[in-house]
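Single-structure report; data block below.
Numbering (my numbering), first residue to last: 91 to 640.
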């Protein structure tokens with residue numbers, strides 16, 4: 091490898107951008123923190139590089155305007171961001187375009203799930219300098235070192251994609267998973283204005299935040315990847331499931347409480363724990379913490395129904411668990427087997443009933459459209475849902491996310507004909523695909539209409555008794571839970587439109603979710619024409635929020 095020049099670390103400047111998660115030019119705080127990018131930032135800072143982190147969600151203006159302003163401030167050697175998901179492709183595309191147009195011409199590095207799942211396609215379409223594939227902490231350090239030292243052919247670095255001196259795209263050997271997760275620095279929250287983010291959260295924003303009027307949630311990763319390989323999932327960091335020691339997790343939580351006075355721990359893991367012993371250990375440690383602080387620390391996580399019992403749920407409730415997200419997906423064993431989910435309908439039934447009995451909230455989905463789906467399997471799931479789920483389990487359709495087995499099925503069958511168009515324009519538009527072997531397009535369309543009808547019919551709602559304005563777009567509302575009839579008061583409740591609104595909320599007594607509806611929308615259930623008008627206005631409001639210029 092030939093070296094040209096070496097820049098010292100204290101002169102080598104890196105700009106890390108958190109992309110926007112909405113197609114808007116306005117400031118927004120309604121998004122989930124992307125922990126992967128925060129880990130990359132803390133890793134680079136630990137290595138001694140000069141790092142400036144910018145959260146585009148907290149800035150007004152177009153991407154082009156913001157990028158010019160930021161790149162004019164400093165002469166950066168490298169600009170990093172991530173193709174995370176949501177509408178991130180057009181936003182990252184604009185970041186890349188603006189960076190390439192700037193006179194300073196910094197190197198551009200992109201990581202994340204999309205470039206890992208389709209490396210050659212994303213690398214070529216965006217026209218970047220380097221892509222980081224998979225788990226990035228070790229890779230980014232080695233790559234920055236090579237750029238800093240002027241290495242022209244970094245082919246020995248695992249887990250990257252780049253062009254060699256002959257303009258040939260090179261994808262290097264796959265990076266091994268990081269075995270010791272304690273070797274990684276804690277995420278760089280403050281670099282991306284986490285304190286600012288916390289100030290603007292509302293009591294009805296994101297289900298895991300709804301325990302408090304003024305939520306202070308701390309996103310946390312206690313493990314990486316998942317022990318299962320469901321056909322609709324894609325794990326960009328690989329399929330090696332690794333857990334952090336609970337002692338290390340608790341140390342991070344204690345630091346977060348000290349730094350931010352957190353009152354909620356939102357565990358982002360795809361699978362928090364498959365071992366009961368680990369969950370009991372975590373619960374006991376949280377109970378200890380709750381004895382040491384003057385407020386109750388509450389938490390949420392994602393679990394499998396495969397290894398659950400009532401005693402464990404009781405312990406989780408005792409320690410402050412308010413919400414469990416489960417991967418149900420189908421009530422048909424035939425479909426579950428096709429999805430490669432190692433669970434049964436009986437375990438799903440137990441998880442739903444036992445969790446609700448312990449007054450722990452549920453997040454979960456039944457998703458239709460698997461390869462093995464038929465009219466009969468769909469009916470089996472819907473019949474169970476109507477009888478047992480009480481509006482607490484969402485209904486939807488499988489989306490073929492890039493990298494997943496179902497995505498490759500769609501490519502093979504010609505269901506997805508243009509991969510780039512699919513990623514740029516289609517996947518996040520909630521389009522329904524017929525990926526089944528036995529259902530016609532008409533049958534899929536009929537199923538979609540039935541799912542939409544049932545969602546509206548079975549989700550309960552409450553119209554507030556009073557709504558008092560506290561400040562701009564924040565209200566104090568009083569209402570009755572449609573499940574347990576508890577009189578509830580929520581402060582700091584976000585409403586964009588005072589007379590026409592619909593928002594999910596969780597009862598703080600029984601932990602059932604329901605809609606909060608404005609009186610106009612509440613009345614629309616009795617008057618079909620009014621219902622149609624209300625729906626048209628809601629769609630108009632939502633379309634006004636999204637703007638094409640980014």
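The beta carbon of each residue, even a glycine, is placed where N, CA and C say it ideally should be.
Under a three-way DSSP split, which group does residue 617 fall into?
The sequence position of residue 617 within the chain shown is 527, counting from 1. Legend: pLDDT at residue 617 = 42, less than 50; position of this residue unreliable, value from coordinates given subsequently. Of the three classes helix, strand and coil, the one that applies to residue 617 here is coil, per DSSP.
Can you tell me whether residue 617 is buried or exposed, with buried defined as 16 or more other CB within 10 angstroms of its CB?
Counting from one through the chain shown, the residue named residue 617 turns up at place 527. Any reading at residue 617 must be qualified, since the residue scores a pLDDT of 42, below 50, and its modelled position is unreliable; the value itself is stated next. Flag for residue 617 reads exposed.
Nearest by alpha-carbon distance to residue 200: which of 362, 194, 168 is it?
To locate residue 200, count along the chain shown from 1; it is residue 110. Across the set 362, 194, 168, the C-alpha of 168 shows the shortest separation from the C-alpha of residue 200.
Check the C-beta distance from residue 606 over to residue 525 and give it rounded, since I have them as a contact under 8 Å.
Position 516 of the chain shown, counted from the first residue, corresponds to residue 606. Position 435 of the chain shown, counted from the first residue, corresponds to residue 525. The C-beta separation of residue 606 from residue 525 comes to about 35 Å, leaving the pair out of contact by the 8 Å criterion.
Who are the Cβ neighbours of residue 548 in its own chain at under 7 Å, not counting the five residues just before and after it?
Walking along the chain shown from the start, residue 548 turns up at place 458. The residues are 476, 481.
Is residue 361 closer than 8 Å to residue 465 when the C-beta atoms are compared?
Numbered from 1 along the chain shown, position 375 holds the residue referred to as residue 465. Numbered from 1 along the chain shown, position 271 holds the residue referred to as residue 361. No; because the gap between Cβ atoms is not below 8 Å, this pair is not in contact.
Distance, residue 516 Cα to residue 457 Cα:
As a first step, residue 457 is located in the chain shown; it is residue number 367 there, counting from the start. As a first step, residue 516 is located in the chain shown; it is residue number 426 there, counting from the start. Roughly 18 Å separates the two Cα atoms.
If you measure between the beta carbons of residue 314 and residue 336, is that distance less than 8 Å?
As a first step, residue 314 is located in the chain shown; it is residue number 224 there, counting from the start. As a first step, residue 336 is located in the chain shown; it is residue number 246 there, counting from the start. For residue 314 and residue 336, no; Cβs fall outside 8 Å.
Would you call the stretch 199-218 and the stretch 180-187 touching, i.e. three or more CB-CB distances under 8 Å?
Yes, the stretch 199-218 is in contact with the stretch 180-187.
As assigned by DSSP and simplified to three states, the class of residue 214
Position 124 of the chain shown, counted from the first residue, corresponds to residue 214. Three-state DSSP puts residue 214 in a helix.
Hey, residue 478 and residue 442: beta-carbon distance below 8 Å or not?
Taking the chain shown and counting its residues from 1, one reaches residue 478 at position 388. Taking the chain shown and counting its residues from 1, one reaches residue 442 at position 352. Yes, the Cβ-Cβ distance between residue 478 and residue 442 is below 8 Å.
What does the Cβ neighbour count give for residue 316, buried or exposed, with the cut at 16 atoms within 10 Å?
The residue given as residue 316 occupies position 226 in the chain shown. So residue 316 ends up on the buried side.
Rounded straight-line distance, which links the Cα of residue 490 to that of residue 497
One-based indexing of the chain shown puts residue 497 at position 407. One-based indexing of the chain shown puts residue 490 at position 400. Each residue's Cα considered, the two are about 4 Å apart.
What did DSSP end up calling residue 385 once you bin it into helix, strand or coil?
Taking the first residue of the chain shown as position 1, residue 385 is located at position 295. It is coil, neither helix nor strand.
If you scan the stretch 413-472 from start to end, which runs of the alpha helix (DSSP H) of 4 or more residues do you find wholly inside it?
Within the stretch 413-472, the complete alpha helix (DSSP H) runs of at least 4 residues are 423-428, 435-447.
Going straight from the alpha carbon of residue 238 to that of residue 106, what length do you get?
For the purposes of this step, residue 238 is taken as residue 148 along the chain shown, with counting starting at 1. For the purposes of this step, residue 106 is taken as residue 16 along the chain shown, with counting starting at 1. So the two alpha carbons sit approximately 16 Å from each other.
Hey, which unbroken runs of the alpha helix (DSSP H) at 4 residues or more fall wholly within the stretch 212-283?
227-238, all fully within the stretch 212-283.
If you check the beta carbons only, do residue 600 and residue 449 fall under 8 Å apart?
Numbered from 1 along the chain shown, position 510 holds the residue referred to as residue 600. Numbered from 1 along the chain shown, position 359 holds the residue referred to as residue 449. Yes; because the gap between Cβ atoms is below 8 Å, this pair is in contact.
Separation of residue 236 from residue 92, as counted between CA atoms:
Sequence index remark: in the chain shown, residue 92 carries index 2 (1-based). Sequence index remark: in the chain shown, residue 236 carries index 146 (1-based). Residue confidence is low: residue 92 scores 43 on pLDDT, short of 50, so the model does not pin down where it sits. Its coordinate-derived value is still stated next. If you take the alpha carbons of residue 92 and residue 236, they lie about 10 Å apart.
Bridge partners for residue 647 per DSSP, in chain order?
This structure does not reach residue 647, given that the chain is present from 91 up to 640, and the question cannot be answered.
Under a three-way DSSP split, which group does residue 133 fall into?
Within the chain shown, residue 133 is the residue found at index 43, counting from 1. Three-state DSSP puts residue 133 in a helix.
Using only alpha-carbon positions, find the residue among 437, 431, 389, 378 that is nearest to residue 400.
Counting from 1 along the chain shown, the entry for residue 400 is found at position 310. Closest in C-alpha terms to residue 400, from the list 437, 431, 389, 378, comes 437.
For residue 321, name the three-state secondary structure that DSSP assigns.
On the chain shown, residue 321 is found 231 positions in, with the first residue counted as 1. It is coil, neither helix nor strand.
Check residue 545 in the structure and name its three-state DSSP category.
For this step, residue 545 is matched to residue 455 along the chain shown. Reduced to three states, the DSSP call for residue 545 is helix.
Round the Cβ separation of residue 413 and residue 573 to the nearest angstrom and send it over; I've been treating them as touching at under 8 Å.
Your numbering for residue 413 matches position 323 in the chain shown. Your numbering for residue 573 matches position 483 in the chain shown. Between residue 413 and residue 573, the beta carbon gap of about 16 Å keeps them out of contact (Cβ cut-off 8 Å).
Going by C-alpha distance, which of 602, 560, 558, 493 is nearest residue 208?
In the chain shown, the residue the question calls residue 208 occupies position 118. Ranking the options by Cα distance to residue 208, first place goes to 493.
Among 140, 178, 152, which one has its Cα closest to the Cα of residue 164?
Numbered from its first residue, the chain shown carries residue 164 at position 74. Comparing Cα positions, the closest option is 140.
Quick one: using the 10 Å Cβ neighbour count with 16 as the cut-off for buried, is residue 591 buried or exposed?
Numbered from 1 along the chain shown, position 501 holds the residue referred to as residue 591. Residue 591 counts as buried, since at least 16 other C-beta atoms from the protein chains shown sit within 10 angstroms of its C-beta.
Less than 8 Å between the C-beta atoms of residue 334 and residue 272, yes or no?
Locating residue 334 in the chain shown gives position 244, where the first residue counts as 1. Locating residue 272 in the chain shown gives position 182, where the first residue counts as 1. A contact, by the Cβ cut-off of 8 Å.
Quick one: Cα of residue 451 to Cα of residue 114, how far?
Residue mapping note: residue 451 aligns to position 361 of the chain shown, counting from 1. Residue mapping note: residue 114 aligns to position 24 of the chain shown, counting from 1. Cα to Cα, the separation comes out at about 32 Å.
To the nearest whole angstrom, what separates the beta carbons of residue 259 and residue 223, a pair I think is in contact under 8 Å?
In the chain shown, the residue the question calls residue 259 occupies position 169. In the chain shown, the residue the question calls residue 223 occupies position 133. Not really, about 13 Å apart at Cβ, beyond 8 Å.
Nearest to residue 364 by alpha carbon, out of 390, 395, 376?
Numbered from 1 along the chain shown, position 274 holds the residue referred to as residue 364. In terms of CA proximity to residue 364, 395 leads the group 390, 395, 376.
Which stretch, first to last residue, makes up the beta strand (DSSP E) that contains residue 185?
Residue 185 sits at position 95 when you count from the first residue of the chain shown. Note, residue 185: premise wrong, no beta strand (DSSP E); alpha helix (DSSP H) at 178-191.
Restricting to runs no shorter than 4 residues, where is the alpha helix (DSSP H) found entirely within the stretch 353-413?
366-382, 400-408, all fully within the stretch 353-413.
Taking Cβ positions, are residue 171 and residue 109 nearer each other than 8 Å?
Position 81 of the chain shown, counting from 1, holds the residue named residue 171. Position 19 of the chain shown, counting from 1, holds the residue named residue 109. Against a cut-off of 8 Å, the Cβ pair of residue 109 and residue 171 comes out as a contact.
Helix or strand or just coil, what does DSSP make of residue 104?
Stepping through the chain shown from its first residue, residue 104 is reached at position 14. Residue state, collapsed to three classes: strand.
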